[in-house]
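See below for the structure under consideration.
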Amino acid sequence: MANALGEMAAVHVDSSVLAAIAAGQGSPFYIADTEQLQSNLRALLESFRTYYPVTSVGYSYKTNYSPAFIRCAHNLGAYAEVVSRLELDLAIALGVPGSKIIFNGPIKTADDLTLALRAGARVNIDSLAEARLMAKIARSSASELSLGIRCNLGPGTPGSRFGVDLDTAEGKDVIGTLDACPNVRIRGLHCHYCGDRNASGYRDRIRHMIRLHATALGGRHVEFFDIGGGFSSRMSPELAAQFTAPPSSFHDYAAAIAQEMASTYGATGPELILEPGMGVLADTMTLVTRVQAVKRLQGRNLAVVDGSVFNIKPLRGSINLPIVVVQGCSNPGAKVTMPVDVVGHTCMEVDVLHTGYAGAIGEGDWVIIPNVGAYTNVLNAPFIRGTPAIVELRDRGNYGVLRRASTLDDLLATYRVDQ
Ligand SMILES: Cc1ncc(COP(=O)(O)O)c(C=O)c1O
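Below you can see the structure in the form of structure tokens.
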């Protein structure tokens, strides 16, 4: 299924297909596109491997938990990038071998670490407390334990609360604590920063990490540099125009990061790992929602839909996601005309999915919102109408269900209802 704005509505999906899915799965619903994820991962790796062949990718579990997406990424050789025990257990439950798991995150218990290390996962520690915990685990373990350190790059990662600044006394304490354990090996450096998605910032950060390898780690043998995620996704010009600077492309990132690795270490240096979330998942899902009412109030033209801003922007950023409207309204006279604000089903004034649509919208029309594949279904709460189904179009008119819509039983499943 093509995902470009407008293309999907015009070429691949007509109102009768949307109506059939809504009849079976309820409205709103997401349309997922696993082929798009494959194509994004391939394009990203291809760009990087042109400069630095030993580049790998990790699938950021937290960005989208759909097993269909996770499997698709693992089929292409991706690591599982997990940041909690829940996510670690999910990777293990999906059959991912420990050697293909990267365990990040600011909070890891002794139990979590022991499980991950025994499985052979790559653990990146985030604090001095975790280094001390690792040392304790190492003292009661006969095997060699390998790990990486998440770097906080100070002014290179402004405002970040994650990782360890290896230039400080605390950073030296972390290295000293780990080096004091005969069976612990520091195998790599990790850094994830999403506060600056511009490729030039990545060049600075990878240079900083390369310097830390030479200084704080004394140039010892390391196996990997993990630069995290934070990459921009491919997007329509209409969406790109809303950012203060043009979004960097996969090629821009590769030129900034991979070229730097190649010029320092040659073509066979330490593995370069990428952990894209948004960059490869944003354009893999589209929300389809139906207009239930139109009205004119206080000078505003409003289309009230059965979806919600929480289905498309659970953290409610300032981006006005572009929409496509597919005709489903049988009464053209009953439309509201531009500019139209598309508002959601919840009882909250902030529930606005799109402002200023430049067209006409009527009851029964479909509003299609692409670019909602990252952080939406993981942050969906059953708030007011439950969580939508996720379907994938198989071919014209047919679809598979990746997740059904939630039910009242799901809502009550974790509560006690007898008191
Ligand atoms: C450690 C780590 N890696 C990768 C990601 C993916 O980030 P993004 O979606 O910005 O690419 C995150 C997101 O929070 C993260 O915490």
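Just so you know, the working numbering puts 83 at position 91 of the sequence shown, and the rest follows in order with no gaps.
Think of the CB as a built atom: it goes at the ideal place given N, C-alpha and C, for glycine as much as any other residue.
heavy atom of ligand 1 below 6 Å from residue i C-beta
i: G193; result: no
i: S52; result: yes
i: M227; result: no
i: P150; result: no
i: H184; result: yes
i: T276; result: no
i: P268; result: yes
i: T101; result: no
i: N190; result: no
i: G299; result: no
i: G392; result: no
i: T47; result: no
i: G320; result: no
i: T55; result: yes
i: N96; result: yes
i: G221; result: yes
i: G155; result: no
i: G210; result: no
i: G146; result: no
i: G365; result: no
i: G271; result: yes
Pair within 7 Å by beta-carbon distance, residue i and residue j
i: A405; j: Q17; result: no
i: E267; j: G220; result: yes
i: I311; j: V364; result: no
i: T281; j: D298; result: yes
i: V344; j: V286; result: no
i: L181; j: L137; result: no
i: N190; j: S228; result: no
i: L313; j: S58; result: no
i: I99; j: E73; result: no
i: V332; j: I353; result: yes
i: A208; j: L158; result: yes
i: N372; j: T379; result: yes
i: S7; j: G320; result: yes
i: I117; j: V383; result: no
i: A130; j: V176; result: yes
i: P374; j: L400; result: no
i: S76; j: G50; result: no
i: V328; j: N293; result: yes
i: A248; j: Y194; result: yes
i: F216; j: I141; result: no
i: C423; j: G151; result: Given a span of -7 to 411 for the chain in the structure shown, any question on residue 423 remains unanswerable.
i: G269; j: T55; result: yes
i: H243; j: S91; result: no
i: V335; j: V296; result: yes
i: G148; j: R203; result: no
i: Y44; j: M253; result: yes
i: R212; j: T169; result: no
Buried/exposed call for residue i, threshold 16 Cβ in 10 Å
i: F223; result: buried
i: D81; result: exposed
i: Q28; result: buried
i: A232; result: exposed
i: S119; result: buried
i: F235; result: exposed
i: A121; result: exposed
i: A161; result: exposed
i: A2; result: The pLDDT assigned to A2 is 42, lower than 50, so where the model puts this residue is not dependable; a value taken from the coordinates is nonetheless given after this. A2 should be labelled exposed.
i: N32; result: buried
i: Y407; result: exposed
i: T260; result: exposed
i: H200; result: buried
i: E79; result: buried
i: T276; result: buried
Per DSSP, cross-strand counterpart(s) of residue i
i: S413; result: No statement about residue 413 is possible, as the shown extent of the chain runs from -7 to 411 and does not include it.
i: I23; result: T278 and V383
i: R396; result: The partner list for R396 (beta bridge, DSSP) is empty, contrary to what the question assumes.
i: K287; result: L294
i: G494; result: In the structure as shown, the chain begins at -7 and stops at 411. Residue 494 is therefore absent and cannot be evaluated.
i: Y349; result: V332
i: L264; result: T47 and F217
i: I93; result: A72
i: V359; result: T281 and V317
i: Y391; result: L385
i: T156; result: Correcting the residue type first, residue 156 is Val in the shown sequence and not Thr. V156 is bridged to C143.
i: V344; result: V335
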